[in-house]
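**Q** Remember, this note's numbering sits 107 above the position in the sequence shown when you count from 1. A virtual CB, placed ideally from N, CA and C, is assigned to each residue, including glycine. Keep in mind that this is a model prediction, so the values were computed, not measured.
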Amino acid sequence: MAYVSIDGEKYEKELLELAKAHTTGKGEGKISKDEVADLIKSAQDGPGVTETELKTLHYIRKNFEFTDAAAKMFDEAVAKL
């Protein structure tokens, strides 16, 4: 698992790259419900969600734009992790 450091904090590189890919190129530049499912699935790639993965999800929520429906879905999914 690769990591990236932002402002002295360690985040999971794969999750950040996935969020960036979902907000560039086609579409409106916001993360959709389908893309939320991809992010959550990626975070759950091991036996459990690590502290770094959870911190990365919180970073994504704060720093990337979501559609209204996706934001609600993301918040509910992360609360269950």
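Under a three-way DSSP split, which group does LYS179 fall into?
**A** Of the three classes helix, strand and coil, the one that applies to LYS179 here is helix, per DSSP.
**Q** What is the rounded straight-line gap between the Cα of MET180 and the Cα of LYS187?
**A** Taking the straight line joining both Cα atoms gives about 11 Å.
**Q** From GLU158, LYS133, ALA144, pick the residue whose C-alpha is nearest to that of TYR110; which is it?
**A** Ranking GLU158, LYS133, ALA144 by Cα distance to TYR110 puts GLU158 first.
**Q** Reducing DSSP to helix, strand and coil, say where LYS148 ends up.
**A** Helix.
**Q** In angstroms with no decimal places, state the Cα-to-Cα distance between GLU124 and TYR118.
**A** Rounded to whole angstroms, GLU124 to TYR118 spans 11 Å at the Cα level.
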